[in-house]
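Chemist: Before we start, here is the structure in question, set down as structure tokens.
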Amino acid sequence: MLIPFNRKVLLVYLIPVIALLALPLLGTIYAIWAAFQGDISTFNVLMCVIGVILTEYGITMGYHRLVVHKAYEPHPVLKAIVLALGSMAFQGPVVNWASVHTKHHAFSDQEGDPHSPTISGFLYAHFEWLLAMNTPNMNEIKAKWGARYTKDPMIDWFSRTFLFWGLGSLVIPAIIGYFVGGGHGAWMGFIWGGLVRIFISSHVTWSVNSVCHYVGGRMFTTTDKSRNNFIVGILALGEGWHNNHHAFPASAFHGMKWWQIDVTGLSIRLFEAIGLVKKVVRIPDSLLEKRREDGKKSAVNVQVLAMTEDPVEEEVA
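Using the working numbering, read the sequence shown as starting at 27 and increasing by one per residue.
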């Protein structure tokens with residue numbers, strides 16, 4: 027892993043990324059230690075769990091299925107909410123995240139994939155790749171793979187204000203904790219609702235990149251090694267049905283069997299039913315069966331589906 031080393035890269039990128047990797051880990055270790063000392067409350071754990079779920083929704087429903095794959099069209103208010111929640115997950119500005127993910131689909135498990143366990147190893151695919159995304163690399167990736175995202179004013183604005191939302195996600199639980207338990211409550215709110223939440227949600231998301239290209243079953247023949255993993259499917263709100271997703275990237279629904287629980291997909295159905303979502307991309311059963319039967323010879327081009335400006339037209343062509 028070659029990282030151009032200079033003061034700008036060190037200050038602008040490496041130190042913040044290392045801090046983002048280390049501080050949530052240290053906060054989680056502290057929370058566990060404090061719990062063994064009896065310093066734990068149901069309130070703080072509940073705040074952490076709710077925070078994980080909400081910010082994971084921001085990643086799965088916002089950054090991933092909405093921004094990258096255009097799997098549905100939300101009401102502007104809902105769009106703003108999921109983009110804000112995704113930013114509060116502290117996994118990077120939405121344009122950066124979407125650009126890296128788009129490149130991943132274009133080169134999945136081949137040379138050029140930013141985070142393939144097949145090419146670079148499990149740990150690299152899980153989190154070490156973040157250290158390689160130094161500023162020059164990220165700018166190059168955004169220029170080539172993310173130009174279309176900056177054309178959307180709301181996406182561009184949330185990307186530019188990412189730090190505000192990220193820091194806000196640390197301040198809010200501290201404020202809530204203060205009103206519940208004073209100064210110590212604010213500290214533990216910051217630990218549980220901030221650092222522990224980020225630690226859990228980050229590793230859940232990263233597991234899609236690592237575990238779901240390494241462990242699990244496959245419903246479809248794809249050009250990569252994507253897998254369906256039940257545990258990640260539950261924890262990541264449906265993102266763990268990753269082989270399904272790589273077979274049909276534009277689909278709003280990753281769970282394609284009744285037992286493949288896809289909480290994000292179910293939420294999209296709910297919002298569609300109450301009129302907050304429209305133009306939901308659904309894959310016809312006939313196309314699912316054709317994809318399974320034809321395997322690599324299927325008319326569905328996986329990489330083109332990932333990149334197209336209009337995935338619905340490409341998908342049914």
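Just so you know, even glycine gets a beta-carbon here, dropped at the ideal spot from N, CA and C.
#1: My output table needs one value for Pro162: the three-state DSSP class, helix, strand or coil.
#2: Using beta-carbon positions only, say whether Met114 and Trp191 come within less than 8 Å of one another.
#3: Spatial neighbours of Ser324 within its chain, please: C-beta separation below 7 Å, excluding the five flanking residues on both sides.
#4: Measuring CB to CB, does Phe256 end up less than 8 Å from Gly266?
#5: What is the DSSP secondary structure of Glu340, reduced to helix, strand or coil?
#6: Please state if the CB of Leu51 and the CB of Phe225 are separated by a distance shorter than 8 Å.
#7: Could you round the C-beta distance between Ile181 and Val120 to whole angstroms and report it? I think they count as a contact, below 8 Å.
#8: With distances taken Cα to Cα, identify the nearest neighbour of His239 among Ala57, Leu92, Leu302 and Val258.
#9: Expressed to the nearest angstrom, what Euclidean distance is found between the alpha-carbon atoms of Gly215 and Ser142?
#10: Grab me the residues of Gln286's own chain with a C-beta within less than 6 Å of its C-beta, minus the 5 sequence neighbours each way, in chain order.
#11: Take Phe116 as the anchor and find which of Leu49, Gly172 and Glu99 has the nearest alpha-carbon.
#12: Considering Cα atoms alone, identify which of Leu296, Val71, Val197 and Val93 is closest to Ala57.
#13: For Val234, I'd like the list of residues in its chain whose CB is within less than 8 Å of its CB, leaving aside the five on either flank, ordered along the chain.
#14: What span of residues does the alpha helix (DSSP H) with His131 cover, start to end?
Modeler: With the structure as the only source:
#1: helix
#2: yes
#3: Low local confidence applies: a pLDDT of 43 at Ser324 is under 50, so the model's placement there is unreliable, with the coordinate-based value given in what follows. If we look at Ser324 and ignore the five residues flanking it on each side, its Cβ neighbours are Lys316 and Arg317.
#4: yes
#5: In this predicted model, Glu340 has a pLDDT of only 33, less than 50, meaning its place in the structure is not dependable enough to derive any value.
#6: yes
#7: Yes, they are in contact, since the Cβ atoms of Ile181 and Val120 sit about 6 Å apart, within 8 Å.
#8: Val258
#9: 35 Å
#10: Apart from the 5 residues on each side of it in sequence, Gln286 sits with its Cβ closer than 6 Å to the Cβ of Trp267 in its chain, given in chain order.
#11: Leu49
#12: Val71
#13: Val258, Ala262, Glu265, Gly266 and His268
#14: Residue range Val120 to Ala132 is occupied by the alpha helix (DSSP H) that includes His131.
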